[in-house]
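One structure is given below, encoded as structure tokens.
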Amino acid sequence: MKPFDILNRMEKEFEELRRAFGIAMARRKPYCDVIERENEIILLIDLPGFSKKDVEIEVGEGYVRVKAERKEEEKGEYVIKERMKSFYRRIELPGEIKIDETKAKLRNGVLEIILPKKEGKKGRKIRVD
0 MKPFDILNRM
10 EKEFEELRRA
20 FGIAMARRKP
30 YCDVIERENE
40 IILLIDLPGF
50 SKKDVEIEVG
60 EGYVRVKAER
70 KEEEKGEYVI
80 KERMKSFYRR
90 IELPGEIKID
100 ETKAKLRNGV
110 LEIILPKKEG
120 KKGRKIRVD
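Dropping the structure here:
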């Protein structure tokens, strides 16, 4: 028996358990930057190896959920397997956004989500007499 055979078998067994309980998402999360500008919030999420058909985005009041899953062909027995094939991430947003105007694009393995901000209630200055 090869040194990694036992570990690979254990990993497969745990993956089957996660699937059985509906938690087959990856244990790791991709890197994510949240950039806040005056009129928008931008999310940059590293998704190497995923295509746009693999990605599902849900935007709600105060959050964004990103889920991705890609199918892999069996190419033999893995000795080391580190690439993500699925993940789930919920990101809390620092302010209210215009949900209907949100846009997303996936280029060169980076998912960019642009979330225009709602215009906040602006205060006004009061002169003291």
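Under numbering that gives the first Met the number 0, the first residue of the sequence shown carries the number 0, and numbering increases by one thereafter.
Where is the CB? At the ideal position from N, CA and C, for every residue including glycine.
In this text, all values refer to a predicted model and were calculated from it rather than measured experimentally.
Does the Cβ of residue i have 16 or more other Cβ atoms within 10 Å, making it buried, or fewer, making it exposed?
| i | result |
| --- | --- |
| L42 | buried |
| L16 | exposed |
| F49 | buried |
| I34 | exposed |
| V65 | buried |
| V127 | exposed |
| I5 | exposed |
Taking the straight line between their C-alpha atoms, what separation do you get for residue i and residue j?
| i | j | result |
| --- | --- | --- |
| I56 | K117 | 20 Å |
| R8 | K84 | 18 Å |
| R123 | Y62 | 29 Å |
| R88 | K97 | 20 Å |
| R69 | E91 | 25 Å |
| K104 | I125 | 44 Å |
| F133 | G119 | The requested residue 133 is not part of the displayed model; the chain covers only 0 to 128. |
| E10 | E37 | 45 Å |
With the cut-off set at 8 Å, would you say residue i and residue j are in Cβ contact?
| i | j | result |
| --- | --- | --- |
| L114 | I40 | yes |
| L108 | D45 | Correcting the residue identity first, residue 108 is Gly in this sequence and not Leu. Yes. |
| V58 | A67 | no |
Go to residue i, then tell me how far its beta strand (DSSP E) extends in each direction, as first and last residue.
| i | result |
| --- | --- |
| V54 | 54 to 59 |
| V109 | 109 to 115 |
| I41 | 39 to 45 |
| V127 | It is not in any beta strand (DSSP E) - V127 carries neither H nor E in the DSSP assignment. |
| D161 | Given a span of 0 to 128 for the chain in the structure shown, any question on residue 161 remains unanswerable. |
| V65 | 62 to 68 |
| K104 | 102 to 106 |
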